[in-house]
Every structure is written in C-alpha cells, then in structure tokens.
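Using my numbering, count along the sequence shown one by one with no gaps and you end on 145.
Where is the CB? At the ideal position from N, CA and C, for every residue including glycine.
What follows is one structure encoded as structure tokens, with my remarks underneath.
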Amino acid sequence: MHKDNKNNAKSLNKAKGDEGERVAAEFLEKIGYKIIKTKFRKMRNEIDIIAETETGILNFIEVKTRFKNGFGKPLESVNKRKLKKIIEVSDLFLIDSNISREKKIIYYGIISIEYIERSSIKLIFFENIFD
15 MHKDNKNNAK SLNKAKGDEG ERVAAEFLEK IGYKIIKTKF RKMRNEIDII
65 AETETGILNF IEVKTRFKNG FGKPLESVNK RKLKKIIEVS DLFLIDSNIS
115 REKKIIYYGI ISIEYIERSS IKLIFFENIF D
C-alpha cells in the first residue's frame, strides 16, 4: 500500500471512530450520564469516555465501532491487554483528579456500535464488564 493511501485509511478510520464516540456520548447523555471527559490520554493510551451516573458511579468506557463485519464484532477487539491499559490510564485519571478509588464506585464499560445500513446502527452498552 502506498504511504498516502495508508495515511488516508488511518484518517478515515479515525473519523469513523470519532463518529462512534460521538454517538456513544449522545446515548449516555440520553440515559442520564454526565460526560466528564472524552479522549483522556496518558502515556500513549486513551480512555474514550469518562462519565458519571446520576447516582455518582464513575464509568470508564471504551467505544468500539465497526462499519463492516469483515473485522469481527466490535466487542471482540477488546482483549485483556486493552482492558489492562484502560485500567492503567483510569488510575492516572483518578490520581490527576484527586479521586480515591476506595471512596468512589467505579465501573468499566464498553459500548459496541455496528453500522448495519447507512442510517441504522446497533448499539450495545456493557455497563460493568467486571460484574
């Protein structure tokens, strides 16, 4: 693949991922979550969405978006290594925000988004994947 084509493909994938994260954030707000931060980055890793429920539960959410089925289901791309990185970055967010893990209920979630047709999506929210 030519270098320009590779960069264009990366750029398109980022745009699609950004769109999925926007849809996920809108969904969370509709069900009563307050978005605290999107795209929290530390040490070359990122948490897509950090949100809080009306009852004060802090959520670190990974968003996986797929436009074609050739790459498998969105959830299948979240492996143990990815989860470990999310937990590590969430610890850094807690330190930066001066939030004690012992005093806050924390969930780790995944939002899976599949674009079925041009105007229809399938969104599944796994609210607490360690439960």
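Per DSSP, the beta bridge partners of Leu72 are Glu66, Ile120. Across the structure, Glu68 and Lys44 are spaced so that their CA atoms are roughly 12 Å apart. The Cβ atoms of Ile50 and Ile61 do not sit closer than 8 Å to each other.
In this structure, the CA atom of Leu106 is about 10 Å from the CA atom of Phe54. Check the Cα spacing between Gly31 and each of Glu131, Phe144, Ser126: the tightest is with Ser126. Bounds of the alpha helix (DSSP H) holding Ile109 are 94–110. Shown here, Arg115 sits in a helix according to DSSP, grouped into three states.
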